[in-house]
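What follows is a set of notes on a single structure, which appears directly below.
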Amino acid sequence: MTHLLHLDASGRSDSFSRRLGRTFVTGWRATHPDGIYTYRDLVADPVPPIDENRVHLATQSSVNGVRDIEAMDKVAATAPELARSWAATRPLVEQLLAADVLLLGVPMYNFTVPAALKAWIDRVTLPWLPLKGKSAVVLSARGGGYGPGMPREQFDFQEPYLRAYFSVLGLDDVEFVHAELTHATVMPFLAQFRDQHEASHTAALDAVHALATRARAEIPSAT
Numbered sequence: 029m030t031h032l033l034h035l036d037a038s039g040r041s042d043s044f045s046r047r048l049g050r051t052f053v054t055g056w057r058a059t060h061p062d063g064i065y066t067y068r069d070l071v072a073d074p075v076p077p078i079d080e081n082r083v084h085l086a087t088q089s090s091v092n093g094v095r096d097i098e099a100m101d102k103v104a105a106t107a108p109e110l111a112r113s114w115a116a117t118r119p120l121v122e123q124l125l126a127a128d129v130l131l132l133g134v135p136m137y138n139f140t141v142p143a144a145l146k147a148w149i150d151r152v153t154l155p156w157l158p159l160k161g162k163s164a165v166v167l168s169a170r171g172g173g174y175g176p177g178m179p180r181e182q183f184d185f186q187e188p189y190l191r192a193y194f195s196v197l198g199l200d201d202v203e204f205v206h207a208e209l210t211h212a213t214v215m216p217f218l219a220q221f222r223d224q225h226e227a228s229h230t231a232a233l234d235a236v237h238a239l240a241t242r243a244r245a246e247i248p249s250a251t
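The opening position of the sequence shown corresponds to residue 29 in the working numbering, with each subsequent residue numbered one higher.
Following this line, the structure appears as structure tokens:
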């Protein structure tokens, strides 16, 4: 039974990344009628940013050679401040570890990922976090054009960052879908790029549908 964890990080309730996510989920549910679906809106239900106690928790994780949740429980029990930090972190880690597929709705803000997503990443990531065997789909929306050959290609710190992050944690099966030039729908000075945006959006919807409905039997369970 496949488990999909869906995270939205857009500050807009009807953003392009959220629309792409809804399209993916509709197709995924049709293909996986017995699958488990878990959703969190990281803007409406934000994750607490890391603080000194959370940093200390990660340090103690490494010092004590932690490799799983149970060992982390023992380390956290050694100090009240660690226990409090772990209490805010453990449910998010459990949720991530239970998932086979991670779906991220990620708009580009200031050339990179939103703070809401970064807070989640900072909170759940521990030195021992194992993501090998899982897969991820990143649904991105960008106000401008950052694809190959575009003038702003070098300013894309969104996809390279997420690829590097997942790779370090052993998750190499990552698919990116980008809807570009979304600001062309509202910004008069970008009106000349509306056709390019529509083409990008249509291609993104097609890619999302293909990813959502493809067979997932080849993806091994991480549990």
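We put the CB at the ideal spot given by N, CA and C, even for glycine.
**OP:** Decide if the region 190 to 206 is in contact with the region 152 to 168; the criterion is three or more beta carbon pairs, one per stretch, under 8 Å apart.
**Re:** yes
**OP:** If I'm right that R151 touches R68 with Cβ under 8 Å, what's the distance once you round it to whole angstroms?
**Re:** Mapped onto the sequence shown, residue 151 falls at position 123. Mapped onto the sequence shown, residue 68 falls at position 40. R151 to R68, Cβ: 12 Å. No contact.
Subject >> Between the CA atoms of L145 and E187 - distance to the nearest angstrom >> reply: By 1-based counting over the sequence shown, the position of residue 187 is 159. By 1-based counting over the sequence shown, the position of residue 145 is 117. Answer to the nearest angstrom: the Cα atoms are 13 Å apart.
Original post:
Which of helix, strand or coil does DSSP assign to T117?
Top reply: Position 89 of the sequence shown, counted from the first residue, corresponds to residue 117. Residue state, collapsed to three classes: helix.
Subject >> Residues near R222 in its chain [Cβ-Cβ closer than 6 Å; skip 5 each side] >> reply: For this step, residue 222 is matched to residue 194 along the sequence shown. Here the set comprises A212.
Original post:
Does the Cβ-Cβ distance between S45 and G133 come in under 7 Å?
Top reply: Numbered from its first residue, the sequence shown carries residue 45 at position 17. Numbered from its first residue, the sequence shown carries residue 133 at position 105. Cβ atoms of S45 and G133: closer than 7 Å.
**OP:** Counting only the same chain and skipping the five closest in sequence on each side, list residues whose C-beta sits under 7 Å from that of A232.
**Re:** Your numbering for residue 232 matches position 204 in the sequence shown. Exclusion of the five residues before and after A232 leaves L48, V205, H206, A207 as the residues of its chain whose Cβ lies within less than 7 Å of its Cβ.
Original post:
What is the DSSP secondary structure of Y174, reduced to helix, strand or coil?
Top reply: As a first step, residue 174 is located in the sequence shown; it is residue number 146 there, counting from the start. Reduced to three states, the DSSP call for Y174 is coil.
Subject >> Where the alpha helix (DSSP H) containing R151 begins and where it ends >> reply: Along the sequence shown, read from residue 1 onward, the residue named residue 151 stands at position 123. R151 -> alpha helix (DSSP H) spans 143 to 152.
Subject >> Helix, strand or coil at I97 [DSSP, three-state] >> reply: Reading the sequence shown from its first residue, position 69 is the one you call residue 97. Correct three-state label for I97: helix.
Original post:
Where in the region 42 to 90 do unbroken runs of the beta strand (DSSP E), each at least 3 residues long, occur, reported from the N-terminal end onward?
Top reply: 64 to 69
Original post:
Would you report the Cα separation of E122 and M215, rounded to the nearest angstrom?
Top reply: If you number the sequence shown from 1, residue 122 lands on position 94. If you number the sequence shown from 1, residue 215 lands on position 187. Rounded to the nearest angstrom, the two C-alpha atoms are 42 Å apart.
Original post:
Hey, A240 and W56: beta-carbon distance below 7 Å or not?
Top reply: In the sequence shown, residue 240 corresponds to position 212, counting from 1. In the sequence shown, residue 56 corresponds to position 28, counting from 1. Yes, these two residues count as a Cβ contact at 7 Å.
**OP:** Just grab the DSSP bridge partners of A12 for me.
**Re:** A question about residue 12 goes unanswered here, because the residues of the chain that appear run from 29 up to 251.
**OP:** Return helix, strand or coil for D234, following the three-state DSSP convention.
**Re:** As a working mapping, residue 234 is identified with position 206 in the sequence shown. Helix at D234.
Original post:
Which residue from S43, H31, P77, A72 puts its Cα closest to that of D62?
Top reply: Position 34 of the sequence shown, counted from the start, is the residue given in the question as residue 62. If we check each option's Cα against that of D62, H31 comes out closest.
Original post:
Assuming T51 and V236 make a contact with CB atoms under 8 Å, what is their CB distance in whole Å?
Top reply: Reading the sequence shown from its first residue, position 23 is the one you call residue 51. Reading the sequence shown from its first residue, position 208 is the one you call residue 236. Correct: roughly 5 Å between the Cβ atoms.
Subject >> Rounded straight-line distance, which links the Cα of A104 to that of M136 >> reply: In the sequence shown, counting from the first residue as 1, residue 136 sits at position 108. In the sequence shown, counting from the first residue as 1, residue 104 sits at position 76. For M136 and A104, the distance between alpha carbons rounds to 35 Å.
Original post:
Would N170 be called buried (16 or more neighbouring beta carbons within 10 Å of its own) or exposed?
Top reply: Here residue 170 corresponds to residue number 142 of the sequence shown, with the count starting at 1. Residue identity differs from the one stated: residue 170 is Arg in this sequence, not Asn. Buried: at least 16 other Cβ atoms inside 10 Å.
Original post:
In whole angstroms, what is the alpha-carbon distance linking T251 and L124?
Top reply: Taking the first residue of the sequence shown as position 1, residue 251 is located at position 223. Taking the first residue of the sequence shown as position 1, residue 124 is located at position 96. In this prediction, T251 scores a pLDDT of 33, lower than 50, which makes its location untrustworthy; no coordinate-derived value is stated.
**OP:** Tell whether a beta-carbon distance below 7 Å holds between Y193 and D184.
**Re:** As a working mapping, residue 193 is identified with position 165 in the sequence shown. As a working mapping, residue 184 is identified with position 156 in the sequence shown. Y193 places its beta carbon 7 Å or farther from that of D184.
Original post:
Roughly how many angstroms separate the alpha carbons of D36 and N92, rounded to a whole number?
Top reply: Within the sequence shown, residue 36 is the residue found at index 8, counting from 1. Within the sequence shown, residue 92 is the residue found at index 64, counting from 1. Using only the alpha carbons, I get a separation of about 34 Å.
Original post:
What is the DSSP secondary structure of S195, reduced to helix, strand or coil?
Top reply: Translated into the one-based positions of the sequence shown, residue 195 becomes position 167. Correct three-state label for S195: helix.
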